[in-house]
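Note that numbering that gives the first Met the number 0 has the sequence shown beginning at 0, numbered continuously upward.
Notes to accompany the following structure.
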Amino acid sequence: MGRVKKLDSVKIFLEGQSKIKVTGPYNILKLLLRKVDGLNLSKDKTALRTKLDELTFYFLKHHLRKMGITYYTDPKLSEWSYEQTLHNRKIARMKCIDDMTITIPYSDKLRKYQRVDVALMQKMKRLILGNEPGTGKTLESIAYCDLIEAKKILIVASKSLLGSWASEIEKWSSEPDYKIIPVDTTYKKKEKTNANLNEDHRFNIINYEMLRDRKGFPKLWSTKWDVVICDEAHRLKGRKSKQTDGASQLKTDSLILATGTWITNNHHEVFQLLQLLDPKRFTSYWQFVDRFCKTENNYFNEHAKDIVGTKNMKAYRYMMNPYLIQRKKKDVLTELPPVIHKQIPIEMTAYQNKHYKELFEDMMTMFENEELVVSPNVVSKYMRLRQVLLTPALLGGKDSTNKTDAVLDIIENTDDQIVVFSWFKGYIKHLETILTKKDISFRSIHGDIDSESRTKAADDFRNGKVKVMLGTIKAMSEGLNLQTASTMIFTDKSYVPADNEQAIARIDRLGQKRSPIIYHLKTVGTVEEMIDETLAKKQDIIDEASAIEEIIKKLAK
């Protein structure tokens, strides 16, 4: 490669309407090819080409200046870049405004930041509504639809939250005409579902499963929606999932991806959401990773890479600005009382300890071959370890456990309503039996509870008809308002910090009057302590699978 001379220069200009072209000496082009992601060298090695992208243009200029190379920029490209910068600045300035006027009948019922957010949504149109759980994303989304007078709105939510959306629409919207359209895969039920889609309702509320069936529900994709709202949109992070593909085919100029956990670990997680918002700009996942993420070789697969950190944060924040609204609870809900966390150490019973040791030793025998560390068989045995710490009864043994006793002790020694979480549906059902025998009123939400029953259970709890709400972390950590309770018990945890934080947000949210007390029950000297250590690292956890892998590695050592 030739050395860069001071007299060397390059030209950067707009090619057509969608590409940037760079011409200049080959030695400079080759340097740029190594330093800037997304560039392609022409066959005759006289030019670089890339799709029109503001950040690519920024990195080109940055590296040319850094190398001391003179460059010429096409006026058309400079004008385009200036317009992009101007738009970005307007969005950034709006985010700093304290309050705004919006013309909807219930504007005075919104908080100041919510009025600003709704005005921002009108400006941005396609965005991630990434405010933390408990800050009122549902209300903001409904207010936005009313502000722009949208007539054909599609709301995509998990099956368990359909009723919650209907309740909020009835409560707030100036035109609360809605239809809940649950999916059913049987042929006759599909006919009914399609008939419902053909009806002329303003809000059409469906569940994510419908996005997986392009052939079964053609009306979803043939309709031009005024607004599409995807609730808990982190469900669309899967790059190759059918429901993500279905979402990408929906026709709308305004797409609201509402999720308080739009990113739980690293920049790469947001790529799929950005691709849904702006598919022409965000075309390459690995280019995105190379630009914003630090990587290292995978421990188990030499051909794979693990994402271990972030880079180019300034450029990343600039790039995200026109796509993201993000409010933190501590900044906008300053009146919320502080959360109190109490760690409750639990000792195993002698019977429980015996079974735990047997399971643990059985699992250890599998670690002689390093390749088996993360095998499905090992993961299955590891899950049994976690279950026996709740009660050996889940594995067919005796109900001998101090953990259930601790749960009952907390419940029976307070007059307050209590929310109880577990990772395992089996343990929630076990607690149902215990509370029934104790004549303690409760409701449950887990994977076997349908949407209608879930809505009724939440309503009964909020209305004070029952004392205890039992639920699995996966089924009950999203979309529920349970702030009538000020006490929560984690009998065990999710591996992903965002899941546990979402669960806490069921009671730590708008309307909470007292300091919530969160009890964390942890069996000492067991795998539960390793889970807590892994959770404490937060930024090292990408998802459930990688967290389990990390804990099993510790056990293997």
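C-beta: ideal position from N, C-alpha, C; glycine also.
Using the three-state DSSP reduction, which class does G470 fall into: helix, strand or coil?
strand
What three-state label does DSSP hand K189 in the structure shown?
helix
Return the CA-CA distance between V269 and A165, expressed in angstroms with no decimal places.
28 Å
Can you tell which of L384, S440, D438, A232 has its C-alpha closest to the C-alpha of F423?
Check the Cα spacing between F423 and each of L384, S440, D438, A232: the tightest is with L384.
Identify the residues that DSSP records as bridge partners of N296: which are they?
Answer is K304, bridged to N296.
With DSSP collapsed to three states, give me the class of P344.
strand
What is the rounded straight-line gap between the Cα of L119 and the Cα of I152?
19 Å
List the endpoints of the continuous beta strand (DSSP E) containing E198.
Unbroken run through E198: none, as it is neither H nor E.
For D459, the three-state DSSP class (helix, strand or coil):
Reduced to three states, the DSSP call for D459 is helix.
Leaving out the 5 sequence neighbours to the left and right, which residues in its chain are closer than 7 Å to N296 when beta-carbon positions are compared?
K304
Per DSSP, the bridge partner or partners of H519
Q342, F489
Tell whether a beta-carbon distance below 8 Å holds between T390 and T403.
yes
Where does C144 fall in DSSP's three states?
helix
Any idea what DSSP makes of L332, helix, strand or coil?
In this structure, DSSP gives L332 a state outside helix and strand, which the three-state scheme calls coil.
In the structure shown, what three-state DSSP assignment does T400 receive?
If DSSP states are grouped into helix, strand and coil, T400 belongs with coil.
Please classify Y105: does DSSP put it in a helix, a strand, or coil?
coil
Report yes or no: do three or more beta-carbon pairs, one from the segment 28-41 and one from the segment 52-63, lie closer than 8 Å?
yes
Should the segment 332-346 be called in touch with the segment 510-517, which here means at least 3 C-beta pairs below 8 Å?
yes
Which residue comes first and which comes last in the alpha helix (DSSP H) that contains E53?
53-65
DSSP three-state label for F359, please.
helix
If I417 and T471 are in contact, beta carbons under 8 Å, what's the gap, nearest whole angstrom?
Their Cβ separation, rounded to whole angstroms, is 16 Å, which puts I417 and T471 out of contact at 8 Å.
What number of angstroms, rounded off, separates the C-alpha of S421 from the C-alpha of Q351?
When rounded, the separation of the alpha-carbon atoms in S421 and Q351 is 18 Å.
So, for A502: in the same chain, excluding its five sequence neighbours on each side, which residues have a beta-carbon less than 6 Å away from its beta-carbon?
Hits under 6 Å: F420, I472, S476.
Can you give me the start and stop residues for the beta strand (DSSP E) that S421 sits inside?
417-421
What's the C-alpha gap between L196 and S140?
21 Å
For the alpha helix (DSSP H) containing T246, name the first residue and the last one.
Sequence check: residue 246 is Ala here, not Thr. It spans 241-247 - the alpha helix (DSSP H) in which A246 sits, taken as one unbroken run.
Out of curiosity, what's the CA-to-CA distance linking E451 and L160?
9 Å
Suppose you measure from the CA of Q274 to the CA of Y143; what does that come to, to the nearest Å?
Between Q274 and Y143, the C-alpha separation is close to 22 Å.
Whose C-beta lies closer than 7 Å to the C-beta of E528 among residues of the same chain, with five residues either side of it excluded?
K521
Three-way DSSP call (helix, strand, coil) for E451 in this model:
helix
Between the beta-carbon of I90 and the beta-carbon of F56, is there less than 8 Å?
No, the Cβ-Cβ distance between I90 and F56 is not below 8 Å.
Enumerate in chain order the residues of its own chain whose CB-to-CB distance from E369 is below 7 Å, with the five nearest sequence positions on each side excluded.
Residue placement at E369 is poorly supported in this model, since its pLDDT is 49, which falls under 50; the coordinates are not used for a value here.
Just how far apart, CA to CA, sit W220 and V182?
15 Å
Quick one: residues in its chain with C-beta nearer than 7 Å to the C-beta of G396, no 5 flanking neighbours on either side, listed in chain order?
H354
Going by DSSP, which residues form a beta bridge with L153?
N203, V227
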